[in-house]
Structure formats: C-alpha cells, structure tokens
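What follows is one structure encoded as structure tokens, with my remarks underneath.
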Amino acid sequence: MGHKSLGEFIKAAEAIGDVKIIHGAGLDLEVGCLTELAAEQNGPLMLFDRFEGFPNDFRVASNVYRTSLRRYALALGFPIDAHPIELVTRLRERRQAQKPIAPLEVEDGPVLEHALSGSDVDVGMFPAPKWHSDDGGRYIGTGDLVIVRDPNTGWVNFGTYRASVQGRDRLSLWIIENKAGRIIAEKYWSKGLLCPVAVVLGCDPLTFMASSSRTKYEYAGALHGAPVEVVNGPWTGLPIPAQAEIVFEGEIPAPEEETIFEGPFGEWPGYYSHTGQECAVRVKQICYRNAPIIHGAPPLRPLLAWGDDMPGIGADLWDHLERSGITDITGVWGHCHGLMIVIALKQRYAGHAKQALLAASGFVRKGASMFRYYVAVDDDIDPSNMRDVLWAMCTRVDPATSVDIVSRTWTSDLDPRLTPVQKESGDYTIGRMLLDACKPYHWRDSFPKTNIFSPEERQQVRERWGGLLKELENSVTRRSAVK
Ligand SMILES: Cc1cc2nc3c(=O)[nH]c(=O)nc-3n(C[C@H](O)[C@H](O)[C@H](O)COP(=O)(O)O)c2cc1C
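Under this note's numbering, the first residue of the sequence shown carries the number 12, and numbering increases by one thereafter.
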C-alpha cells in the first residue's frame, strides 16, 4: 500500500533524511531557482512555506520524486538504494503481477475541509511560483491532475497538463491535441456543452504517476494494491482523490467561445516553448485541505541520468522489446529525459543488437515522441551509467559502419531543433540515430580484453578496503560541494 497523500509521502521522505524545509523563499525567482539547483545536485525534496502575503502553512513542494531515484523507489515501496536497473526490473515485475483496481467512492475526505464558491473563488489565494524567469505566467498546475469524464462512455480520465493563473476565476490549460483529456473535452464542445473539469494540485505520488498511464485510477489502484479513495467534487461530481490537497472545479468552454493566451513556459527539453490561445477553465468552486501543499513539478532541463520517470521508460521499452521478440536484454535506461535510450544485451546472433535498435526506434510511449539516440551496448555495460555508455561508444563503435540514421520520424512540437519553417507548417519530424556500440558480433571473442578489474576482484578488494573507499567517496562529495 503506497502513501495515501502527498503529505504522508513527504513525512516518509523526511524519515530517510530527504526533505529540506525552506521558509520565506520568494515566489518570483527563489522557489524556481532553488528547485533547479537542488535537482542538479540530486538533492532533497524541497518543501517551501511562509510565503509573504499568504497564510504561513500554504506550502509548495518540489522535486518530490521525479528528480531522485531514492524517492522514486520510496514512492513505490522498493529498496531506496536499489540500482537503477533493479528499479526497472522490479517495476516490470510489479506490473506483470498487478491487477487494475477501480477507485472507491467515499462520503468525505480531507480535500473537502474548506470550500469556496461564488464571489469567494480566487485562485490567487494560493502561492503560485514563477518557475523559470521568462515564463509567461504563474504556473500553479505543474504536478496536477486534470480530471474529466467522457460524456458518451462515462470513462473518467486524468492527465497532467500545465495550468497557469489567469484571473480570480480563470486558469489556462495547455492540452495537446492527441491527449485523451482534449479528445474528451471536444466531445462536450461538439454537443454545444461546456466540459466539466477538476484540476487537482497535489495528490499521492502513485496516483500522480498514473496520470501518464492509460488506465488512470485503475492503474493507481494497482500500484497501491488498494483502491484510491475518491470523493465526488461538490460542483462537478467528478471523482477527486479524497486525500488531495487542493481542487479547482469548473468548466472548459469550446475554443470558439473562449480561449486564453498562455505561455511561454520553460519546458522539459530545457527551452521555453509554446505560446498560443489555449483552453480556459472557468473556476466555480475551490476545495482544499488544512495546510495544503501544491505539488510543483516544474519542467527542468534534462538531468543526466535521472529525472522524470526513467525507470518507467526503461520498463515500458523493455516490455516492448520482449514483445517484439528481442531476447537476452540485461537492462534498458533513458538518459537526458529519455532522449537517449540505451539497451544492454547479451548478443546471441549476428544482427541481434541492430534488431533491438530497430524495434526500440518503433516504440511510441504515451505522450513521448522525442527519442533521439538509441544505443545498444553489451551486457558488461551498465546502461544507466553514462560513464560506461560513453566508454562503449568511444571504443566499440566504428562511426563509418556502426551508425544508422532514420530520417523524418515523429517528434514533438517541443523539439527545439525543428526549423522555423517546419514549425510553421506543422512538420514535426526529425531524424533518429541508431548506434550499435556492442563489440562486433563475428569477432567479439577476439576483441581486446578490457583492463578493468572484474566484479569479483572488485568485491574482494571492497571487503578489505571498504572504509578507505568510503573516505575517498566522502572527499569527492566534499570537493564537489565546494564548487
Ligand atoms: C510533469 C508533466 C507535465 C506535463 N505537461 C503536459 C502539458 O502541459 N500538456 C500536455 O498535453 N501534456 C502534458 N504532459 C503529458 C501528459 O500528462 C501525459 O501525456 C498523459 O499521459 C496524458 O494523458 P491523456 O492522454 O490521458 O490525456 C505532462 C506530463 C507530466 C508528467
């Protein structure tokens, strides 16, 4: 059973020494910049409070679990010091064993502790940081759940879409056309109706994780091993996590009736992107729990190894490769927010690595289409360790023969490398590189022997000299902290 609420997760993170509480940081620069600096150092969860002009206990939490493998593991109940590839493996095993569990409707929950409607509605009553200096607004929804119900089937969907404050009773939402949330809203609009919506600004990490899944509450329930408890929103009747922090309920009018200019926003590839007339939310009702915590998950320039659900990407791709008939995989990892995928395998036949690369390059992950580099490495390489991967790329690759380029593949409009002409015409395509960094199959056994100590030799030395190694590790940490 996972943590029931964001607050409960923060307590658990505190118990492992992974939380930093910061009083009185400025919302214009400091919250965003401290979040970025801490994430770059693989630092703690940041819990900000005592904002000037707001009640002392209205809080913002950032770097909750997406910037740290320890906290990712904590959220899922895995060992917090597990190796990255072990997390991928455990996630795959968990998913294979789990069954979807429908949410459970309950009468009441902490999210209903306070309720405001009519002229009392003011989304500006909560601290909304400016996450990046050139953001075109205050993005109160970065780690949010935007809940809608399909008017034809009754299916309840939620996704994470950026939401910015646009007035006392207005938010903007950027929902990309292919997202289920948008498709559902269009069904209301085509009937001449407004689309009821609930924007949740903080919930337990596993339910948040499920916003990127296909089955949403059912997937969240499966991850929890128990149903997510939901209350009916007083204004929309939409099911809202009972333990959520804050919820704005309202309706989205058809674009012909009202849109709002939103953006730019510092997006996950590390660049400001997208401005335009987007969905407006007319907020009708606000509910929140005591001492609410806004979940801030601002996009950050991709961090090298972790950040943003790398175990999830690894697990999804590994499943896909196995379904495609690729055997003997020993690990899959995404670097730089998954823009570079690395597959480790034990080569069984000529062309095995290339086959894996071809299969991987055909994979579409929900909502992600910007993969750039696919690298295959041998099973002595840890795909999650960039030092290992670079070494393989620099020593086992002949650039003249080990690289293939596929042109005009699908990318996202967030891709900074699209030319202005492509953007203008909606031609969101770019090339992908397949890089075989394995020892050439036919002479792999006569490939020069590596001069690094074997895992057994290393273990033997560690057993005797563990203390010395710890000292060395600490001195490296101290040196990098001084920078
Ligand atoms: C932190 C985060 C921020 C996101 N921001 C957006 C966004 O602003 N707009 C969008 O369309 N998708 C965004 N996404 C992706 C969607 O939430 C994701 O594709 C989700 O699966 C969509 O679900 P749906 O297709 O069921 O609507 C974001 C995802 C995450 C994890």
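Where is the CB? At the ideal position from N, CA and C, for every residue including glycine.
Residue 344 and residue 351 have their alpha carbons spaced roughly 8 Å apart. Residue state for residue 463 is assigned as coil, using DSSP reduced to three classes. Cβ-Cβ distances below 7 Å link residue 329 to 99, 103, 340 and 343 in the same chain, with the five nearest sequence neighbours on each side left out; the list follows chain order.
Pairing residue 466 with residue 407 gives a Cβ-Cβ distance that is not under 9 Å. For residue 384, the beta-bridge partners assigned by DSSP are 351 and 444. Across the structure, residue 482 and residue 385 are spaced so that their CA atoms are roughly 37 Å apart. Short note on residue 198: C-beta not closer than 8 Å to any heavy atom of ligand 1. In its chain, beyond the 5 residues on either side, 61 have a beta carbon closer than 6 Å to the beta carbon of residue 35.
Contact between residue 394 and residue 353 holds, with the beta-carbon distance rounding to 4 Å and staying under 8 Å. Looking at 331, 260, 197 and 254, the one whose alpha-carbon comes closest to that of residue 216 is 254. Here residue 455 carries a helix assignment [DSSP, helix/strand/coil]. Every unbroken stretch of the beta strand (DSSP E) spanning 3 or more residues and falling wholly within the region 92-137 is given here in chain order: 125-128.
The beta carbon of residue 229 sits closer than 7 Å to the beta carbons of 111, 112 and 113 from its chain, once the five residues preceding and following it are set aside; these are given in chain order. Restricted to the region 188-241, the beta strand (DSSP E) segments that are unbroken, complete and at least 3 residues in length are 206-211, listed in chain order. A Cβ-Cβ contact shorter than 9 Å links residue 192 with residue 169.
In this structure, the C-beta of residue 170 approaches ligand 1 to less than 8 Å from one of its heavy atoms.
Per DSSP, the continuous alpha helix (DSSP H) segment holding residue 431 begins and ends at 431-436. Inter-segment contact for the region 74-86 and the region 13-32 is present: three or more beta-carbon pairs are separated by less than 8 Å. Within the same chain, 441 come within 7 Å of residue 428 by CB-CB distance, once the 5 residues on both sides are set aside.
Residue environment analysis places residue 40 among the exposed positions, since fewer than 16 neighbouring C-beta atoms fall within 10 angstroms of its C-beta.
For a cut-off of 8 Å, the C-beta gap from residue 256 to residue 305 is around 7 Å, short enough to register as a contact.
A Cβ-Cβ separation of about 18 Å leaves residue 425 out of contact with residue 222 under the 8 Å criterion. Residue 27 sits exposed, since fewer than 16 C-beta atoms from the chains shown fall within 10 Å of its C-beta. Taken through DSSP and simplified to helix, strand or coil, residue 397 comes out as helix.
Distances taken from the Cβ of residue 166 to the heavy atoms of ligand 1 include none shorter than 8 Å. Under the three-state reduction of DSSP output, residue 173 falls in the coil class, being neither helix nor strand.
In this structure, the CA atom of residue 383 is about 27 Å from the CA atom of residue 46.
For ligand 1, no non-hydrogen atom lies closer than 8 Å to the CB of residue 149. Restricting attention to beta strand (DSSP E) runs no shorter than 3 residues, the region 269-293 encloses them at 270-273, ordered along the chain.
In the structure shown, the three-state DSSP call for residue 42 is helix. With a cutoff of 8 Å, residue 399 does not count as near ligand 1, since its C-beta is closer than that to no heavy atom of the ligand. Inter-segment contact for the region 85-95 and the region 159-176 is absent: fewer than three beta-carbon pairs are separated by less than 8 Å. Exclusion of residue 74 from the 8 Å shell around ligand 1 follows from its C-beta lying no nearer than that to any non-hydrogen atom of the ligand. Within the DSSP secondary-structure output, residue 343 pairs in a beta bridge with 354.
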